[in-house]
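Residue numbers (this note's numbering): 62 to 631.
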């Protein structure tokens with residue numbers, strides 16, 4: 062254990078369960094439903110409402126070998142290529158072979174996918190896929206439909222849910238094994254203030270960390286809470302340097318910050334072209350799949366062209382679709398564009414890359430187990446080895462499904478006994494809380510130094526800015542507060558949601574930058590301008606990071622491209 066925890070009041074209330082699932086996206090709700098079906102007393106904790114996570118924002122779809130002539134082996138090949146030499150092949154094989162049946166079970170849960178006139182599931186293509194294997198719903202509202210179906214199933218099953226609750230830290234027993242979580246209910250839930258769910262199995266399904274950057278497709282709740290909790294609990298994270306920047310995000314201006322509207326890859330899958338201001342298609346000739354190359358290649362192609370032209374964005378041209386196709390196939394995107402004064406039916410759409418997906422996260426095995434006994438992770442918060450250095454389009458929803466089911470099966474099989482959590486005071490000294498205003502400083506430092514384009518100098522500058530914020534918070538705490546406002550010590554930071562989120566963002570950012578500085582090559586979505594080539598001799602290794610008791614990130618490079626076991630006895 063690290064002896065690190067957030068500064069927070071002691072839990073004032075507690076409930077007991079067999080399993081607590083943190084997060085209500087496709088991964089979390091699937092795990093919760095399967096655990097409950099196995100007879101386990103299951104509690105779902107979610108940061109906003111049940112349907113407010115990243116899943117409902119997913120436009121494109123879910124990838125699986127469901128079409129005629131397609132096979133799991135072909136899906137595996139495309140995934141390995143996109144992952145740039147760092148995928149765990151056994152994890153990918155698990156994903157693609159168990160994926161089709163997992164999708165069918167999702168349909169059995171109540172999810173309705175778009176179908177052809179003949180009644181088959183309608184399939185499209187996205188970047189990196191050589192076949193049509195993306196199932197979609199509502200044209201471009203796949204995530205919303207999956208979320209609707211799973212939330213309805215959770216409510217029908219009458220699962221115990223705690224909404225509007227920010228998870229704080231892992232609770233452990235005297236042996237260091239998981240014993241639940243502490244959490245803070247934000248005003249509208251079933252409990253007030255800080256409390257605890259005591260359970261021997263904790264499933265992290267908290268989604269992404271896109272809010273560490275100024276512009277992202279992620280919702281405001283995606284502040285890396287699960288990764289930060291796991292790090293404080295002593296868990297290992299891996300591949301955090303591989304942040305996927307979605308190539309085509311609606312450009313709202315150079316100063317736009319926060320969540321930005323996504324223009325799904327499926328638009329390119331249906332034949333849209335990337336062009337510059339002169340109407341020139343610049344991806345042709347750069348890759349055999351042109352606009353449908355893997356996302357890292359398209360994001361780099363757009364960024365390069367922006368630099369060449371001195372432009373802030375490029376364009377996605379789908380005027381040839383016509384009004385009927387836009388309205389039927391992409392109604393969500395059409396509405397988003399028109400709400401910002403752009404009509405894709407009559408004009409090209411301005412687009413630029415923005416932070417989208419964390420390919421890395423809390424390191425797990427094929428059963429979703431982390432390096433902390435009793436702590437599991439699935440979905441975007443996890444690093445299963447499936448995505449490698451760059452996630453293949455629409456593999457994320459499938460990963461959430463497949464590995465959530467595996468976690469539920471493991472918990473149902475082992476059924477660990479409930480134990481008493483150790484006193485919170487025994488967990489060590491609490492971490493100093495940065496001022497809530499530091500959020501913008503963190504995001505801008507990360508965007509400047511660890512965005513699409515990275516270099517030793519830019520990463521060093523980001524690291525220095527982040528360490529300064531870390532030291533300021535510690536200095537102010539030592540001067541008598543719990544944090545500070547820029548090192549003055551004049552105003553103590555009051556523990557609360559804003560300060561806790563910023564503490565999580567700062568911790569995750571420091572670890573991400575530490576890994577990015579260590580990876581001195583370009584691979585997948587990690588693009589080092591000063592190291593433009595892939596270095597398979599030294600780079601086909603995973604960077605595993607943990608936090609030392611003194612709060613510093615410790616980076617370890619694996620000896621091979623394979624992950625070490627999460628348990629010494631494995």
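Don't be surprised by glycine CBs; every beta carbon is placed ideally from N, CA and C.
{"query": "Of the listed residues 587, 581 and 413, nearest to residue 449 (C-alpha basis)", "result": "587"}
{"query": "Distance between residue 431 and residue 471 (C-alpha atoms, nearest Å)", "result": "13 Å"}
{"query": "Cut-off 6 Å between Cβ atoms - residues of its own chain near residue 118, not counting five sequence neighbours on either side", "result": "204"}
{"query": "Within 8 Å, strictly: CB atoms of residue 451 and residue 585", "result": "yes"}
{"query": "Euclidean distance between Cα positions of residue 94 and residue 515", "result": "41 Å"}
{"query": "Cβ contact check for the region 554–565 and the region 488–508: 3 or more pairs under 8 Å", "result": "yes"}
{"query": "Cβ neighbours of residue 194 in the same chain (closer than 7 Å, five flanking residues each side left out)", "result": "124, 125, 126, 127, 128, 131, 136 and 184"}
{"query": "Residues bridged to residue 378 [DSSP beta-bridge criterion]", "result": "334"}
{"query": "Cβ distance (whole Å) where residue 73 is taken to contact residue 256 below 8 Å", "result": "6 Å"}
{"query": "Cβ neighbour criterion (16 or more within 10 Å) applied to residue 286", "result": "buried"}
{"query": "Residue of 167, 238 and 222 minimising C-alpha distance to residue 210", "result": "167"}
{"query": "Coarse secondary structure for residue 237, derived from DSSP in three states", "result": "coil"}
{"query": "Residue 616 - DSSP class collapsed to helix/strand/coil", "result": "strand"}
{"query": "Residue 113 versus residue 391: straight-line alpha-carbon distance, rounded", "result": "21 Å"}
{"query": "Close Cβ partners of residue 444 (< 6 Å) along its chain, the five nearest in sequence each way excluded", "result": "299, 300, 421, 422 and 424"}
{"query": "Of the residues 148, 102 and 417, the one placed nearest residue 220, counting alpha carbons only", "result": "102"}
{"query": "Reduced DSSP secondary structure (H/G/I, E/B, other) of residue 262", "result": "strand"}
{"query": "Cβ shell of residue 226 (< 6 Å), same chain only, five flanking positions each side left out", "result": "106, 244, 246 and 250"}
{"query": "From 155, 116, 146 and 145, residue whose alpha carbon lies closest to that of residue 134", "result": "155"}
{"query": "Given 8 Å, three or more beta-carbon pairs between the region 267–278 and the region 324–333", "result": "no"}
{"query": "Residue 81 to residue 263 span [Cα, whole Å]", "result": "5 Å"}
{"query": "Given residue 240 as reference, the closest of 480, 611, 535 and 540 once Cα atoms are compared", "result": "480"}
{"query": "Residue 447 (DSSP reduced to helix, strand or coil)", "result": "coil"}
{"query": "Exposure of residue 68, with buried meaning 16 or more beta-carbon neighbours within 10 Å", "result": "buried"}
{"query": "Spatially closest choice to residue 616 from 395, 628, 602 and 627, by CA coordinates", "result": "602"}
{"query": "Span separating the alpha-carbon of residue 12 from that of residue 427", "result": "There is simply no residue 12 to check, as the chain begins at 62 and stops at 631 in what is shown."}
{"query": "Status (buried if at least 16 other CB within 10 Å, exposed otherwise) for residue 153", "result": "buried"}
{"query": "Cut-off 6 Å between Cβ atoms - residues of its own chain near residue 605, not counting five sequence neighbours on either side", "result": "297, 299 and 617"}
{"query": "Cβ neighbour criterion (16 or more within 10 Å) applied to residue 533", "result": "buried"}
{"query": "Per DSSP, cross-strand counterpart(s) of residue 305", "result": "418"}
{"query": "Sub-8 Å separation of residue 189 and residue 622 beta-carbons", "result": "no"}
{"query": "Buried/exposed call for residue 556, threshold 16 Cβ in 10 Å", "result": "buried"}
{"query": "Minimum C-alpha distance to residue 343 - residue among 366, 333, 350 and 329", "result": "366"}
{"query": "Under 8 Å between C-beta atoms of residue 414 and residue 377", "result": "no"}
{"query": "Exposure of residue 546, with buried meaning 16 or more beta-carbon neighbours within 10 Å", "result": "Low local confidence applies: a pLDDT of 40 at residue 546 is under 50, so the model's placement there is unreliable, with the coordinate-based value given in what follows. By the 10 Å Cβ count, residue 546 comes out buried."}
{"query": "Contact check, residue 97 vs residue 218, beta carbons under 8 Å", "result": "yes"}
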